[in-house]
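Okay, so here's the structure we're looking at.
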């Protein structure tokens with residue numbers, strides 16, 4: 001089963017509105033990363049949040065992490081049509097030495113209507 | 115500009131043929147990865163390499179092979195043993211340790227008929 005699961009699977013909003021996507025996971029993590037993927041393209045890294053951090057910002061992006069609930073959220077404020085993409089969370093587990101395992105969720109498809 | 119180059123963008127093959135997907139990076143990253151993406155699925159790890167001449171199987175390595183003869187290059191061969199090879203293949207790289215963010219190429223869409 002997936003370590004990270006995004007919710008909702010799809011989200012459609014109007015330009016200017018805020019978009020919130022959630023990611024839940026099952027086991028303790030080293031860090032959690034959010035990526036964006038435009039249709040037919042590779043993924044682009046957005047934000048990395050470590051397990052001892054609770055919130056990070058980057059431009060119009062805000063990521064929160066609640067390790068007690070094993071969940072993270074990605075907020076995009078004042079959305080634009082160009083924000084239309086799939087958004088993935090990736091959880092990083094540490095298993096000792098130099099061993100890390102990064103697992104992607106299935107993604108949230110965000111559509112921003114002009 | 116630093117980045118990852120995957121080629122070709124589209125690839126068509128007949129069933130039973132092996133095919134090799136190219137991945138080159140000029141980011142000076144030690145770690146490189148191959149992922150497979152199917153519709154409605156997340157990315158699944160095929161192989162990864164942390165150093166030249168060394169690589170490890172990921173979650174779905176069966177039917178695939180890789181080599182890492184140079185730091186910059188990590189080609190993936192999809193063999194005839196792979197039962198469902200039609201997919202979108204993504205190459206990525208990262209700094210070490212491997213909890214660092216990944217940098218992705220723009221993918222190769224492989225269609226096998």
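Residue numbers (my numbering), protein chains in the order written: chain A, 1 to 114; chain B, 115 to 227. Note that the Cβ used here is the ideal one computed from N, Cα and C, for glycine as well.
query: Three-state secondary structure (DSSP) of residue 222 (chain B); result: strand
query: 9 Å Cβ cutoff, residue 223 (chain B) in contact with chain A; result: yes
query: Chain-ordered chain B contacts of residue 45 (chain A) [CB-CB under 9 Å]; result: 215, 216, 217, 218
query: Residues near residue 50 (chain A) in its chain [Cβ-Cβ closer than 7 Å; skip 5 each side]; result: 31
query: Local Cβ density within 10 Å of residue 119 (chain B), reported as buried at 16 or more and exposed below that; result: exposed
query: Counted within 10 angstroms of its Cβ, other Cβ atoms place residue 222 (chain B) as buried (16 or more) or exposed; result: buried
query: Touch test, the region 125-143 of chain B against the region 64-72 of chain A, Cβ-Cβ under 8 Å, three pairs minimum; result: no
query: Residue 10 (chain A) - partner residues in DSSP beta bridges; result: A:109
query: Euclidean distance between Cα positions of residue 187 (chain B) and residue 213 (chain B); result: 21 Å
query: Three-state class that DSSP yields for residue 66 (chain A) in the structure shown; result: strand
query: Residue 4 (chain A) to residue 150 (chain B) span [Cα, whole Å]; result: 17 Å
query: Contacting residues, own chain, Cβ-Cβ under 6 Å from residue 101 (chain A) (five flanking each side not counted); result: 93
query: Contact residues within the region 141-170 of chain B, judged by C-beta distance below 7 Å to chain A; result: 154, 155, 156, 157
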